[in-house]
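Engineer: Under this note's numbering, the final residue of the sequence shown carries the number 558; numbering is consecutive throughout. Ideal Cβ placement from N, Cα and C applies to all residues, glycine included.
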Amino acid sequence: MNHTAVKVTTLLDLVFLLIVAVFIVAGTPLASFHGDEPMQIYMSRDYETAFVERSPSALMTEPPYPIDSDQHLRILNGSVNRYSIGLARTLAGIGADQLPPRPGWDWGLVYNDNAASGRVPSDRLMLVARLPSALFLAASAVVIFALARQLGSASPKLTRPFAYVVTALYALNPIILLNGRRAMQEGSLLFFGLLMLLTALVIARRRADGKPVRLYLWIGLILAGGLTLASKHNGIVFVGAALGWVFVGELTHFDARGLARTTVGLIVAGLLIVALFIGLSPALWNDPAARLGDLLAARTELLDIQTVADPLSPTSLSQRVEGIITQPFMTPLAHFEVSSWATFEPITEQVDRYMASPFSGVQVNAVGGLALTALAGIGTAALLVPGLRPNREWASSLGLLLWLAITAASLLANPLPWQRYYLGLIPAAALLAGTGLMAIVRAFSVRYRQDAPAEAGA
101 MNHTAVKVTT LLDLVFLLIV AVFIVAGTPL ASFHGDEPMQ IYMSRDYETA
151 FVERSPSALM TEPPYPIDSD QHLRILNGSV NRYSIGLART LAGIGADQLP
201 PRPGWDWGLV YNDNAASGRV PSDRLMLVAR LPSALFLAAS AVVIFALARQ
251 LGSASPKLTR PFAYVVTALY ALNPIILLNG RRAMQEGSLL FFGLLMLLTA
301 LVIARRRADG KPVRLYLWIG LILAGGLTLA SKHNGIVFVG AALGWVFVGE
351 LTHFDARGLA RTTVGLIVAG LLIVALFIGL SPALWNDPAA RLGDLLAART
401 ELLDIQTVAD PLSPTSLSQR VEGIITQPFM TPLAHFEVSS WATFEPITEQ
451 VDRYMASPFS GVQVNAVGGL ALTALAGIGT AALLVPGLRP NREWASSLGL
501 LLWLAITAAS LLANPLPWQR YYLGLIPAAA LLAGTGLMAI VRAFSVRYRQ
551 DAPAEAGA
């Protein structure tokens, strides 16, 4: 490809990604309301405490943790989103005095009672609070485009179309769009989690190709990992998948000395990721080991409460397996987890308005969802076939399979049927569906080349 052609294709990539980013952000004001948004907005007052008053030590926690107290909310939630919302508010001139009362949303009250007590943020505050997550989500689309480019290296002619297809499957997915646009933790979780996986893939590929791994890549892995955990604690799935990707990649070109060095490097990286996570989480500063134990205990307590409160929980093992298969492409968009919300007129109006908008994403019907799911299944199998997988070396294929396996294992352990818990599965599913399509195209192109001489001779 000549220099002019490279410039044109690069420009097309930039235009495509800009359109995707604008599409994601433009739909943000229309997203239906979720009760966790006021909680995140309320907790954004920690930004003033940490960065304006310069008193982050005031955010430290210790037992006991009464439900919905500031200490409880701080140890349960990541810090990236609340600080991002706080920064956005500051830039927009919205002070902490305009935030909803503690704890942001009272799940013991119905919607109208919460609204009457000032817990529904104004339209302006809601939009400002949502923008950080939406921008993180837009940036995550760029990262998954880069992931697809890296993974699709086996067939240069198909690499760019592969990246476009994968990015579209990700960025037009209604589940990704709605949850990433809300003033919640999902946008930053997806961005930093996917960024860590991209960095791990680059490291694994360079090791497999016998190329040196520069220090900045390891630093990037650590920074992305720490920020993933600080975004949302279940980002541990992304962290485990990324570190595991580098490790299994090392096994594909086994060298005892190299494996030992990489293993030590991964252990050090893991420790530094945890240290960075703690450094970004003032709630853990007061005796980090004890506070991490408190975090796990508080998370377990909350999960038990949610499981008891949800009439559809706990789900059976077969239901969890079914969710892993159907949630990415075959399950309709869920706007809320509490069934009573379907009776609140303000919520149903917002849902209807959002779903009628083209910004809600592509609502795939049963046939389309089944086709995409089948493509993902084909893609999973194709990763094990050298002539069909989208990459030449095993490090990329095995790493993607490991990411899928770790994500699926975490979902098998989850007793709640809530759709937003499947967000981390959707990027992998998009890559696998693109891989399946690419494998089919490559298989037919090989068959065509084999048949062409015979037809010409005839």
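Quick one: any contact between the region 271-289 and the region 133-150, if contact means 3 or more CB pairs under 8 Å?
Structural biologist: Yes, since at least three Cβ pairs between the region 271-289 and the region 133-150 fall closer than 8 Å, the two stretches touch.
Engineer: Considering only their Cβ atoms, is the gap separating T104 from A341 smaller than 8 Å?
Structural biologist: Within the sequence shown, the letter at position 241 stands for residue 341. Within the sequence shown, the letter at position 4 stands for residue 104. Result no, Cβ atoms of A341 and T104 do not sit closer than 8 Å.
Engineer: Counting only runs of 4+ residues fully inside the region 248-284, write out the alpha helix (DSSP H) ranges in chain order.
Structural biologist: The qualifying runs are 256-271 and 274-281.
Engineer: So is N465 buried or exposed if we call it buried at 16+ other beta carbons inside 10 Å?
Structural biologist: By 1-based counting over the sequence shown, the position of residue 465 is 365. Answer is exposed; the Cβ neighbour count stays below 16.
Engineer: Only counting the same chain, and skipping five residues up and downstream in sequence, which positions put a Cβ closer than 6 Å to that of F236?
Structural biologist: Here residue 236 is taken as the residue at index 136 of the sequence shown, counted from 1. The residues are G287, S288 and F291.
Engineer: Use the C-beta contact count for E162: other C-beta atoms within 10 angstroms, 16 or more gives buried, fewer gives exposed.
Structural biologist: Indexing the sequence shown from 1 puts residue 162 at position 62. Classification of E162: exposed, given that the 10 Å Cβ count is below 16.
Engineer: In terms of alpha-carbon separation, which member of A383, A513, P458 and R391 lies closest to A150?
Structural biologist: Reading the sequence shown from its first residue, position 50 is the one you call residue 150. Closest by alpha carbon: A383.
Engineer: If you measure between the beta carbons of A300 and R230, is that distance less than 8 Å?
Structural biologist: Translated into positions along the sequence shown, residue 300 becomes position 200. Translated into positions along the sequence shown, residue 230 becomes position 130. Cβ distance not < 8 Å, so A300 and R230 don't count as in contact.
Engineer: Can you have a look at L315 and say buried or exposed, based on whether 16 or more other CB atoms are within 10 angstroms of its CB?
Structural biologist: In the sequence shown, counting from the first residue as 1, residue 315 sits at position 215. So L315 counts as exposed.
Engineer: Taking all protein chains shown into account, decide if E555 is buried (16 or more other Cβ within 10 angstroms of its Cβ) or exposed.
Structural biologist: Working through the sequence shown from its first residue, we reach residue 555 at position 455. Any reading at E555 is ruled out, since the residue's pLDDT is 49, under 50, leaving its predicted position unreliable.
Engineer: Please look up how many angstroms separate the CB atoms of A248 and G524, rounded, as I've assumed it's under 8 Å.
Structural biologist: Against the sequence shown, residue 248 aligns to sequence position 148. Against the sequence shown, residue 524 aligns to sequence position 424. Not quite, the Cβ-Cβ distance comes to about 17 Å (not below 8 Å), so this is no contact.
Engineer: Taking buried to mean at least 16 other C-beta atoms within 10 Å of its own C-beta, is L417 buried or exposed?
Structural biologist: Within the sequence shown, numbered from 1, the residue matching residue 417 stands at position 317. Under this definition L417 is an exposed residue.
Engineer: Excluding sequence positions up to five away, which residues of its chain have a Cβ less than 8 Å from the Cβ of G557?
Structural biologist: As a working mapping, residue 557 is identified with position 457 in the sequence shown. Unreliable positioning characterises G557 in this predicted model, as indicated by a pLDDT of 46, which lies under 50. The coordinate reading is nonetheless provided below. There are no such residues.
Engineer: Can you tell me the Cα-Cα spacing of H185 and P129, whole angstroms?
Structural biologist: Here residue 185 refers to the residue found at position 85 when the sequence shown is read from its first residue. Here residue 129 refers to the residue found at position 29 when the sequence shown is read from its first residue. Residue identity check: residue 185 is Ile in the sequence provided, not His. Roughly 15 Å separates the two Cα atoms.
Engineer: Distance, Cα to Cα, R492 vs S253?
Structural biologist: By 1-based counting over the sequence shown, the position of residue 492 is 392. By 1-based counting over the sequence shown, the position of residue 253 is 153. Near 7 Å, if we compare the C-alpha coordinates of S253 and R492.
Engineer: Within a Cβ cutoff of 6 Å, which residues of the same chain sit near G377, ignoring the five residues on either side of it in sequence?
Structural biologist: Position 277 of the sequence shown, counted from the first residue, corresponds to residue 377. Per the sequence presented here, residue 377 reads as Phe, with Gly not at that position. So the qualifying residues of the chain are G326, L329 and A330.
Engineer: Since I believe R182 is in contact with D146 (beta carbons under 8 Å), could you give me their beta-carbon distance rounded to a whole number of angstroms?
Structural biologist: Position 46 of the sequence shown, counted from the first residue, corresponds to residue 146. Position 82 of the sequence shown, counted from the first residue, corresponds to residue 182. With 8 Å as the limit, D146 and R182 qualify as a contact, their Cβ atoms being about 5 Å apart.
Engineer: With burial defined as no fewer than 16 other Cβ atoms inside 10 Å of the residue's Cβ, what is the status of S157: buried or exposed?
Structural biologist: Position 57 of the sequence shown, counted from the start, is the residue given in the question as residue 157. Classification of S157: exposed, given that the 10 Å Cβ count is below 16.
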